[in-house]
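What follows is the structure, encoded as structure tokens:
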């Protein structure tokens, strides 16, 4: 989130190593997304440059390195503009960074589901979403017909917030029986995977976690379990631990 102070100006955000323009902003409060690599790749050094101008006249730049972008920050901060003569009296940008980890979670399979159809079977599929800051739907598996132990192996990308106040939230996986538009799909169970657990989960080589399926309320029937696999890069795990521990100490 960028806030333009002192002047109504235009800001151009550029990935400095590729000269790729990420956004061009001219209003008071605007935001954009940028993917920051976990490490610099040889001669390619990642930097984010903000070029500030007014009426096509350059007012100054703000350059942030990869390490600066990944610093744990709890609130807004300012960066001074640097002009062509390397002075820093040309104004400033006020920013807030929200850092997310991009994690792949595979919905592998479910076992011993409740039978919802005649004949003692179900046609199960799973729907998953993120519940918390920027709640959103993540994906849906295919339907497996006449099966109580379906295997989906369906990957989804989960953006997990790393810093408070947005640290928290969870991934919710709901399993339904597909009634093929002949009525309302029957609910078979829900599993919840906590966001911090996703970032800290390094307890096995397979990164597989088994969760029980539960009802959405006390009187709702559910049984069985669901298997998920978390693919978390080791460098991302180390970064998440460093950021979470740093913020925990400060608060």
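Residue numbers (my numbering): 35 to 285. Backbone N, C-alpha and C define an ideal beta-carbon position, used for all residues, glycine too.
Collapsed DSSP secondary structure at residue i in the structure displayed
i           : result
residue 185 : strand
residue 128 : strand
residue 254 : coil
residue 176 : coil
residue 218 : coil
residue 230 : helix
residue 237 : Unreliable positioning characterises residue 237 in this predicted model, as indicated by a pLDDT of 47, which lies under 50. A coordinate reading is not provided.
residue 280 : helix
residue 67  : coil
DSSP beta-bridge partners of residue i
i           : result
residue 145 : 259
residue 202 : Paired residue(s): none; residue 202 is not in a bridge.
residue 224 : 208 and 248
residue 135 : 194
residue 116 : 95
residue 171 : 163
residue 58  : 46
residue 265 : 138
residue 243 : 262
When the options are compared against residue i, the one with the closest alpha-carbon
i           : options               : result
residue 89  : 150, 194 and 45       : 45
residue 167 : 175, 193, 160 and 189 : 193
residue 118 : 243, 92 and 269       : 92
residue 130 : 104, 87 and 111       : 111
residue 203 : 164, 191 and 187      : 164
residue 250 : 87, 116, 101 and 210  : 210
residue 170 : 126, 247, 161 and 178 : 161
residue 59  : 82, 233, 70 and 87    : 87
residue 233 : 268, 252, 141 and 150 : 268
residue 114 : 219, 128 and 152      : 128
residue 135 : 280, 283, 274 and 279 : 274
residue 205 : 141, 149 and 226      : 226
residue 66  : 49, 137 and 79        : 49
residue 142 : 219, 241 and 255      : 241
residue 173 : 140, 154 and 153      : 140
residue 125 : 94, 263 and 150       : 94
residue 85  : 102, 101, 100 and 55  : 55
residue 189 : 222, 138, 73 and 72   : 138
residue 271 : 231, 252 and 79       : 231
Assumed close pair residue i, residue j - CB separation to whole angstroms, cut-off 8 Å
i           : j           : result
residue 158 : residue 181 : 7 Å
residue 244 : residue 261 : 5 Å
residue 259 : residue 144 : 7 Å
residue 70  : residue 108 : Between residue 108 and residue 70 the Cβ distance is about 19 Å, and since that is not below 8 Å, they are no contact.
residue 178 : residue 184 : 4 Å
residue 224 : residue 248 : 6 Å
residue 255 : residue 148 : 6 Å
Residue i CB to nearest heavy atom of the ligand SAM below 7 Å
i           : result
residue 194 : No copy of the ligand SAM occurs in the structure displayed, which carries no ligand at all.
What are the uninterrupted segments assigned as alpha helix (DSSP H) that are 4 or more residues long and contained completely in the region 70 to 114, given in chain order? DSSP runs (the alpha helix (DSSP H)) wholly in the region 70 to 114: 100 to 103.
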